[in-house]
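Contents: one structure, followed by commentary.
As structure tokens, this is what we get:
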């Protein structure tokens, strides 16, 4: 079963705007990860946030985690055309496996 | 991309034939994973390995088997391919358990079963 569920399924924004996507999960986790996938390519790891962390930054990315609500959000600031991709959250509830959501497809318009 | 290759990259096969996909890594990572990606489902774990000859099932393991005889190679076998196994297959590696480390993904293999 999918542990991570992203919302919205698709997002279209203008270049320079911010993009926010959300992820909900069902059981307790030890970390939550976000990945990006460009069309026809493999997934690329973006950021990992541990269950005892509430916020993490990496360049133009900001991730928050609310374990009481079992949810996380990914914010991409000042979006660029190169940010056009699908974004997946993945919840780790044990040491070996990740459970991925179905993803959010982000389109950045020039 | 991290040192992960998958072969073949594309394959068309007929129902009932056996198929083997290969994942090769040059990172000497202990953990290796096979996922399938289908529209609307994200990635689903098929099998994973936590060391040479150590493997376990994921959430969609029926109809698949795996083998790992060397650290660098992880093979996925479809014993008798079915149309429901048409998918894109991704291999991933991880230095350790995902409690502390991210996964690195290969470029994928697009498999079509006719």
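Residue numbers (our numbering), protein chains in the order written: chain A, 57 to 166; chain B, -12 to 101. We put the beta carbon where it would ideally sit given N, CA and C, even for glycine.
Under 8 Å between C-beta atoms of residue i and residue j
{"i": "residue 80 of chain A", "j": "residue 126 of chain A", "result": "yes"}
{"i": "residue 121 of chain A", "j": "residue 132 of chain A", "result": "no"}
{"i": "residue 81 of chain B", "j": "residue 24 of chain B", "result": "no"}
{"i": "residue 93 of chain B", "j": "residue -9 of chain B", "result": "yes"}
{"i": "residue 147 of chain A", "j": "residue 29 of chain B", "result": "no"}
{"i": "residue 160 of chain A", "j": "residue 77 of chain A", "result": "yes"}
{"i": "residue 67 of chain A", "j": "residue 89 of chain B", "result": "no"}
{"i": "residue 18 of chain B", "j": "residue 33 of chain B", "result": "no"}
{"i": "residue 135 of chain A", "j": "residue 72 of chain A", "result": "yes"}
{"i": "residue 109 of chain B", "j": "residue 47 of chain B", "result": "Any answer about residue 109 of chain B is impossible in this case: the structure gives chain B only from -12 up to 101."}
{"i": "residue 123 of chain A", "j": "residue 149 of chain A", "result": "no"}
{"i": "residue 45 of chain B", "j": "residue 82 of chain A", "result": "no"}
{"i": "residue 91 of chain B", "j": "residue 101 of chain A", "result": "yes"}
{"i": "residue 39 of chain B", "j": "residue 72 of chain B", "result": "no"}
{"i": "residue 155 of chain A", "j": "residue 60 of chain A", "result": "yes"}
{"i": "residue 8 of chain A", "j": "residue 77 of chain B", "result": "Not covered by the structure: residue 8 of chain A. The range shown for chain A is 57 to 166."}
{"i": "residue 34 of chain A", "j": "residue 165 of chain A", "result": "As displayed, chain A neither begins before 57 nor continues past 166, which places residue 34 of chain A out of reach and without an answer."}
{"i": "residue 55 of chain B", "j": "residue 42 of chain B", "result": "yes"}
In DSSP terms, what residue i is bridged to
{"i": "residue 53 of chain B", "result": "B:63"}
{"i": "residue 61 of chain A", "result": "A:80"}
{"i": "residue 46 of chain B", "result": "Residue 46 of chain B pairs with nothing; no bridge assigned."}
{"i": "residue 122 of chain A", "result": "A:127"}
{"i": "residue 161 of chain A", "result": "A:66, A:142"}
{"i": "residue 0 of chain B", "result": "B:100"}
{"i": "residue -8 of chain B", "result": "B:11"}
{"i": "residue 156 of chain B", "result": "Nothing can be reported for residue 156 of chain B: it is not among the residues displayed for chain B, which extend from -12 to 101."}
{"i": "residue 117 of chain A", "result": "A:114, A:132"}
{"i": "residue 68 of chain B", "result": "DSSP, once it has assigned bridges, lists no residue as partnering residue 68 of chain B."}
{"i": "residue 148 of chain A", "result": "A:87"}
Kindly confirm or deny that the segment 84 to 95 of chain A and the segment 66 to 81 of chain B touch, where touching means at least three C-beta pairs closer than 8 Å. At 8 Å Cβ cutoff, the stretches do not touch.
Mind checking the segment 15 to 35 of chain B against chain A and listing, in chain order, the residues whose C-beta falls within less than 9 Å of any C-beta there? Residues passing the 9 Å Cβ filter: 18, 20, 22, 24, 26, 27, 28, 29, 30, 31, 32, 35.
Threshold first: 3 residues or longer. Then list the beta strand (DSSP E) segments lying entirely within the segment 3 to 42 of chain B, N to C. For the segment 3 to 42 of chain B, the continuous beta strand (DSSP E) assignments of 3+ residues that do not extend past its boundaries occur at 6 to 12, 18 to 25, 29 to 38, in sequence order.
Using 8 Å as the cut-off, can you tell me whether the segment 8 to 17 of chain B makes contact with the segment 53 to 61 of chain B, which would need three or more C-beta pairs spanning the two stretches below that distance? yes
Contacting positions in the segment 132 to 166 of chain A - beta carbon closer than 7 Å to chain B: 144, 148, 151, 152, 153, 154, 156, 157, 158, 159
Does the pairing of the segment -3 to 4 of chain B with the segment 132 to 139 of chain A give three or more beta-carbon distances under 8 Å? no
Please list, in chain order, the residues of the segment 70 to 82 of chain B that have any C-beta partner in chain A closer than 7 Å. 77
What are the complete beta strand (DSSP E) segments, minimum 3 residues, inside the segment 79 to 109 of chain A? The segment 79 to 109 of chain A contains, as complete beta strand (DSSP E) runs of 3+ residues, the segments 87 to 93, 99 to 106 (chain order).
Check distances from the C-beta atoms of the segment 68 to 87 of chain A to those of chain B and list, in chain order, the residues that come in under 9 Å. 86, 87
Interface positions of the segment 97 to 131 of chain A facing chain B (Cβ-Cβ less than 8 Å), listed along the chain: Those would be 97, 98, 99, 100, 101, 104, in chain order.
Could you please tell me which residues of the segment 45 to 65 of chain B, in chain order, have their CB closer than 9 Å to any CB of chain A? 45, 46
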